[in-house]
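What follows is a set of notes on a single structure, which appears directly below.
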Amino acid sequence: MSNILEVKDLKVSYGGIEAVKGISFDVPEGQVVTLIGANGAGKSSTLRSIVGLEKPAAGSIKFQNMELSAMGTETIVTKGITLVPEGRRVFVNLTVLENLKMGAYMRKDSIEKDLNWVYDLFPRLKERSWQPAGTLSGGEQQMLAIARALMSRPKLIMMDEPSLGLAPIVVQGVFDIIREINKQGVTILLVEQNANMALRAADIGYVMETGRITMTGTGKELAENDEVKAAYLGKSKKK
């Protein structure tokens, strides 16, 4: 299986503070990969650097063997990467349909097929297509943020804390959608503080602590690891 994304020795700094300290990881094509860790571990900074919102201080980011580290965000999006940001950030004064069209603004071809695809994935959005996004529930706004990202027809979709602030029953629905998107051929890189849900969904997981990757394995291996259980799953180590 080939890697769609290869990150090598990535460093990201803010002023004199190094948020990401030389990490390396791969994302195999067609899989779900998750980065888990506490607040401030460097997970979001990693995603932002991949999509060009933060310029790396050092290191290499290769997507389908193309070096991205010197590219701007708009160029990176046209290559097939998109980011669902933390906090959803939908355009609250625009309708659901207008938000979805904004996700396709870089495209020059017809978007009807993809619009029908995301409406099939999110029937509730179709029902509310003419409703202002700001009137949607938190869960519906998260669905809209994911659907908007899909409208660029990405090969790799990155999601930053998709379960943040959502009720448990809504979180389950979001992760069901993540699995369905992956089944339909989209590779996913997921940053998520809900480590239990993330590891259950992931083929591969990486644990980040203070800007470094400290552990890696399959989602199942990490979910069963005593140190991960104690630190992130709210379970005590076995004595």
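Residues 6 to 244 (my numbering) are what the sequence shown spells out, left to right.
Think of the CB as a built atom: it goes at the ideal place given N, C-alpha and C, for glycine as much as any other residue.
A quick note: this is a predicted structure, and the numbers were derived from the prediction, not measured.
To the nearest angstrom, how far is it from the Cα of residue i to the Cα of residue j?
{"i": "alanine 216", "j": "serine 29", "result": "Note on residue identity: the sequence assigns glycine, not alanine, to residue 216. Glycine 216 and serine 29: Cα-Cα distance of roughly 11 angstroms."}
{"i": "lysine 234", "j": "alanine 228", "result": "7 angstroms"}
{"i": "glutamine 69", "j": "valine 25", "result": "23 angstroms"}
{"i": "lysine 118", "j": "leucine 130", "result": "16 angstroms"}
{"i": "glutamate 197", "j": "glycine 47", "result": "12 angstroms"}
{"i": "phenylalanine 180", "j": "methionine 202", "result": "7 angstroms"}
{"i": "leucine 171", "j": "glycine 143", "result": "7 angstroms"}
{"i": "threonine 223", "j": "methionine 164", "result": "19 angstroms"}
{"i": "threonine 140", "j": "methionine 6", "result": "43 angstroms"}
{"i": "glutamate 185", "j": "valine 82", "result": "22 angstroms"}
{"i": "leucine 155", "j": "alanine 63", "result": "30 angstroms"}
{"i": "tyrosine 211", "j": "glycine 42", "result": "9 angstroms"}
{"i": "proline 159", "j": "lysine 67", "result": "16 angstroms"}
According to DSSP, what are the bridge partners of residue i?
{"i": "methionine 213", "result": "Ile218"}
{"i": "tyrosine 19", "result": "Ile22"}
{"i": "glutamate 11", "result": "Asp31, Lys67"}
{"i": "aspartate 165", "result": "Val196"}
Assign residue i to one of three DSSP states: helix, strand, or coil.
{"i": "isoleucine 28", "result": "strand"}
{"i": "phenylalanine 68", "result": "strand"}
{"i": "serine 116", "result": "Just to set this straight, residue 116 is isoleucine in the shown sequence, not serine. If DSSP states are grouped into helix, strand and coil, isoleucine 116 belongs with coil."}
{"i": "glutamate 91", "result": "coil"}
{"i": "valine 82", "result": "helix"}
{"i": "aspartate 208", "result": "coil"}
{"i": "valine 179", "result": "helix"}
{"i": "lysine 244", "result": "Because lysine 244 carries a pLDDT of 42, less than 50, the predicted location of this residue cannot be relied on, and no value is offered for it."}
{"i": "aspartate 231", "result": "helix"}
{"i": "valine 97", "result": "coil"}
{"i": "valine 191", "result": "coil"}
{"i": "proline 128", "result": "helix"}
On the premise that residue j lies in contact with residue i, defined as a C-beta separation below 8 angstroms, what is that separation, rounded to the nearest angstrom?
{"i": "valine 89", "j": "isoleucine 162", "result": "7 angstroms"}
{"i": "isoleucine 183", "j": "isoleucine 193", "result": "6 angstroms"}
Point to revise | the stretch 29–40 / the stretch 89–98 touching (three or more Cβ pairs under 8 angstroms) | key: Put simply, the stretch 29–40 does not touch the stretch 89–98. Fewer than three CB pairs are less than 8 angstroms apart.
Practice item. Could you say if the stretch 48–66 and the stretch 7–24 meet the contact criterion of at least three C-beta pairs nearer than 8 angstroms? Key: Under the 8 angstroms Cβ criterion, the stretch 48–66 counts as touching the stretch 7–24, having at least three qualifying pairs.
Review point. Do three or more CB pairs link the stretch 68–86 to the stretch 96–109 at distances below 8 angstroms?
Key: Output reads no: the stretch 96–109 does not touch the stretch 68–86.
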